[in-house]
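Going by the working numbering, the first residue of the sequence shown is number 31, and it counts up by one from there.
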Amino acid sequence: MSSVFTTPLGKIWVSNGQAEAILDGCLKLAERRGLSGPVVDFFRDQIVTSGMGCYGFNVEAPPFDEPTHRVVLAELIAELTDTARSGGFRALVDIPWDELDLRIRLDWLSSLEELHDGIRACLPAESAELAVLERRREDRE
Numbered sequence: 031m032s033s034v035f036t037t038p039l040g041k042i043w044v045s046n047g048q049a050e051a052i053l054d055g056c057l058k059l060a061e062r063r064g065l066s067g068p069v070v071d072f073f074r075d076q077i078v079t080s081g082m083g084c085y086g087f088n089v090e091a092p093p094f095d096e097p098t099h100r101v102v103l104a105e106l107i108a109e110l111t112d113t114a115r116s117g118g119f120r121a122l123v124d125i126p127w128d129e130l131d132l133r134i135r136l137d138w139l140s141s142l143e144e145l146h147d148g149i150r151a152c153l154p155a156e157s158a159e160l161a162v163l164e165r166r167r168e169d170r171e
């Protein structure tokens, strides 16, 4: 089975295990940063109440219909991607990242990048939220 993340750029299909790892990873990163609020509550609820195949979500639906919430989501996805690239993914989620085939790891990274791009596409081109997101992206690079 699979889960789907819906963005303005299209649907991103991932395995249920990958979707659960994305939600779990974002939740753990948010907790490490001391974040709270609708986005964190959403991740927690999705993990606890969703059945297999229901982990995905629409990045334009509540709670992500608020631009500030989309920025939080985009930042968490970006941090999760950076963590996976740097080899710290296994410490964050219960996935044997270093044991996965290179093709599978690249597929995961690609899905995370697509999700991040889809979230960014929801923000108006001249919005303050997009400017904040771009500055933080530059800081990471």
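Think of the CB as a built atom: it goes at the ideal place given N, C-alpha and C, for glycine as much as any other residue.
Item                                                                                                        : Value
C-beta atoms of GLN76 and PHE87 nearer than 8 Å                                                             : yes
Every unbroken alpha helix (DSSP H) within the region 96-162, with a cutoff of 4 residues, ordered by chain : 97-115, 119-122 and 132-150
Own chain, CB closer than 7 Å to HIS146, minus 5 neighbours either side, in chain order                     : ALA104, ILE107, ALA108 and THR111
Three-state secondary structure (DSSP) of PHE35                                                             : strand
Cβ pair GLY118, LEU39 closer than 8 Å                                                                       : no
Limits of the unbroken alpha helix (DSSP H) element including VAL69                                         : 68-79
Spatially closest choice to ILE52 from PRO126, TRP138, THR98 and ALA161, by CA coordinates                  : TRP138
Cβ neighbour criterion (16 or more within 10 Å) applied to ASP169                                           : exposed
GLY64 burial status per 10 Å Cβ neighbour count (16 or more: buried)                                        : exposed
Neighbour-count burial assignment, ASP124, 16 or more Cβ in a 10 Å radius                                   : exposed
For GLU96, the nearest candidate out of GLU61, PRO68 and CYS84 (CA to CA)                                   : PRO68
Where SER141 falls, given that 16 or more other Cβ within 10 Å makes a residue buried                       : buried
Minimum Cβ-Cβ distance from GLY67 to chain D less than 8 Å                                                  : The structure shown has no chain D; it contains just one protein chain.
Burial state of SER33 (16 or more Cβ within 10 Å)                                                           : buried
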